[in-house]
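When you line the sequence shown up against the numbering used here, it's residues 906 to 1187, in that order.
Even for Gly, the Cβ is constructed at its ideal location relative to N, Cα and C.
Inspection log for the structure reproduced underneath, given as structure tokens.
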Amino acid sequence: MKMNDEQLCAYVEKWHAARYDKWTTIYCGIRMNRVYGIYRLSDGTELLDVLDSIYGNYEEHLYSKDLLPVYFSSPHQLLTFLQNYGAYCEEQLKWMLALPIEERQDREVCDIIEMCHDVVELTTYCLESYEVNIIDNTYLKPYLDMKAFLDAEKVDGFMNRLEAIYSSIPSSIHKGKLNEAWFHSVAHSVMYQFGFRFYSESETSEGRMDMRIEMDKHIYIFEFKYSEDDVDMSEDALQQIHEKHYADPYLVLGKKVIAVGVTFGKKKRNVTNYKLEVLSNR
């Protein structure tokens, strides 16, 4: 299952909560009994350093109800931390599993090994399940830019990025007749590939809106129009959002609802104009 930003944060927070009491007990117990416990091992001092690093990062970086965007400013930052955290624990596992058998079976060492295994499993799952591949920065940057624009209500920036994507499509690719469905399909593919929480042809009691994009604090309702001669129909699109009451189901969610009417033109083969209107300020 692919996770979006909200699902990623919820998963990490639940993972943290499920281990907090146990890990705190282990950490405090080993630290309090280090003279008679872990220090009797040949590598006791280094094991304590490993324990401090594992628990310190766990408590400092993952103990939050607002991982995004409060503690980590972007999904990329959170996932990069998880990647580094997992790599560190994986390296320590190799070292601990190479300890003499009698030391490796010590209760304190077993506890630390289990903590490392847990972190490696967490980070592997999150990195494999998140919607966007964080390793490929060329792929990631457009998503982060477009997401940042919508988070900041800078629709102009978002639309400029979308226009750039349409401009990059060679005219020779247009095999069939251009129409609204073609432009909508491209927008749908872009949103899907970038990992946005979005819905195309989302149904309401009075019709189907072309696209809805959900952010943490905003809901954007997009209505698309197509013009053979590049006439601006953005106002018509906004009017349809009003007449069909597309925003009504979302006015009670406590998010700001913004309508965006977009015109695509045959001659320009791109967005020719767009207009927006705030429908709810929460």
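With which residues is residue 1123 paired in a DSSP beta bridge? 1161
Where does residue 1179 sit, in a helix, a strand or coil, going by DSSP? strand
Span separating the alpha-carbon of residue 945 from that of residue 973: 42 angstroms
C-beta atoms of residue 1027 and residue 920 nearer than 8 angstroms: yes
Using only CA atoms, which one of 1029, 1104 and 995 lies nearest to residue 1019? 995
Out of curiosity, what's the CA-to-CA distance linking residue 1089 and residue 1129? 7 angstroms
To the nearest angstrom, how far is it from the Cα of residue 1118 to the Cα of residue 948? 53 angstroms
Secondary structure of residue 1184, DSSP reduced to three states: strand
I need the DSSP call for residue 1138, collapsed to helix, strand or coil. coil
How about residue 1036 and residue 1122: are their beta carbons less than 8 angstroms apart? no
Out of curiosity, what's the CA-to-CA distance linking residue 975 and residue 966? 11 angstroms
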